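Residue numbers (our numbering): 4 to 229.
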């Protein structure tokens, strides 16, 4: 069934192929350039927050542009088009995955910028971290009074808490990168998993601190009394 006839079909197919290649590698190149900029920045945490917010703002502008373009497209349909709904459906279907990607990047950018702020020296960030530590200590005290102990696992977690946190972040980042067609729900799901993992690490580390504090101090040697 012939859909349409055009003498420029071959040129159009070449353009579509070029767009397909660019659309595959341009996001990867953008992420690499952004990561290099953050790594080379003097204040990496601030650079990460600005990069994430910049990406979110750029995608938001593109999303607004698509809304305007859709309205313009529907208002300037040729007279031979009999169904505006069908034309709108074609437009929406062609840009379906682009819209999902834009929403995903906007949400991801905001979350990354918020995370960069929470690990910084700001007063609000310090308050959030202090509250989470107090909550973990309270839970550890409750577990201790009920005979729940983590033993060496708790002390080990407390000693290597930073590395464990980095490992969880890298694992979730890899999972997001390998996810086929990630959406906003994908980002929110990974954030919930991250928060749960960080809460578990903080709780186990708090029990390890209590275990270390409960250990009797080593007896003084013979030379101590001289």
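Think of the CB as a built atom: it goes at the ideal place given N, C-alpha and C, for glycine as much as any other residue. None of the values given here were measured: they were computed from a predicted structure.
Report, in whole angstroms, the separation of the C-beta atoms of residue i and residue j, which I expect to be a contact under 8 Å.
i: residue 77; j: residue 90; result: 7 Å
i: residue 107; j: residue 185; result: 6 Å
i: residue 133; j: residue 210; result: That belief does not hold up - the Cβ atoms of residue 133 and residue 210 are roughly 19 Å apart, past 8 Å.
i: residue 48; j: residue 123; result: 6 Å
i: residue 175; j: residue 195; result: The Cβ separation is near 11 Å, so there is no contact.
i: residue 59; j: residue 109; result: 5 Å
Since residue i is in the alpha helix (DSSP H), which residue starts that stretch and which ends it?
i: residue 46; result: Unbroken run through residue 46: none, as it is neither H nor E.
i: residue 10; result: That residue, residue 10, is in no alpha helix (DSSP H); it is neither H nor E in DSSP.
i: residue 112; result: 99-121
i: residue 160; result: 155-162
Out of the options, point me to the one whose CA is closest to residue i's CA.
i: residue 201; options: 45, 19, 161, 29; result: 161
i: residue 73; options: 56, 85, 93, 57; result: 93
i: residue 309; options: 57, 187, 13, 208; result: Residue coverage of the chain in this structure runs from 4 to 229, which leaves residue 309 outside it and unanswerable.
i: residue 52; options: 176, 117, 148; result: 117
i: residue 216; options: 173, 140, 197, 25; result: 140
i: residue 105; options: 128, 63, 71; result: 63
i: residue 57; options: 135, 114, 177; result: 114
i: residue 96; options: 69, 173, 35; result: 69
i: residue 33; options: 135, 145, 61, 173; result: 61
Within its chain, find whatever has a CB closer than 8 Å to the CB of residue i; leave out the 5 residues flanking it on each side and keep chain order.
i: residue 214; result: 152, 153, 154, 157, 158
i: residue 189; result: 107, 179, 182
i: residue 204; result: 160, 164, 167, 168, 171
i: residue 66; result: 102, 105, 106, 109
i: residue 87; result: 77, 80
i: residue 173; result: none
In three-state DSSP terms, what is residue i?
i: residue 141; result: helix
i: residue 227; result: Low local confidence applies: a pLDDT of 47 at residue 227 is under 50, so the model's placement there is unreliable, with the coordinate-based value given in what follows. Residue state, collapsed to three classes: helix.
i: residue 135; result: helix
i: residue 30; result: helix
i: residue 182; result: coil
i: residue 20; result: helix
i: residue 80; result: coil
i: residue 150; result: coil
i: residue 215; result: helix
i: residue 86; result: coil
i: residue 125; result: coil
i: residue 196; result: helix
i: residue 54; result: helix
i: residue 221; result: Residue placement at residue 221 is flagged as unreliable, the pLDDT there being 47, under the threshold of 50; the coordinate-derived value follows with that caveat. Here residue 221 sits in coil by DSSP.
Below 6 Å CB to CB, which residues in the same chain sit around residue i once its five sequence neighbours on both sides are set aside?
i: residue 19; result: none
i: residue 147; result: 213
i: residue 44; result: 50
i: residue 119; result: 48, 51, 52
Within the same chain, show all residues whose beta-carbon is closer than 7 Å to that of residue i, passing over the 5 residues directly before and after it, in chain order.
i: residue 41; result: 47, 50, 51, 54
i: residue 229; result: Interpretation of residue 229 is limited by its pLDDT of 44, a score under 50 that renders its predicted location unreliable; the figure taken from the coordinates is listed afterwards. Closer than 7 Å at Cβ, skipping near neighbours: no residue.
i: residue 98; result: 69
i: residue 177; result: none
Can you determine whether any heavy atom of the ligand SAM sits closer than 7 Å to the C-beta of residue i, and answer yes or no?
i: residue 15; result: Although the ligand SAM was asked about, the structure shown includes no ligands whatsoever.
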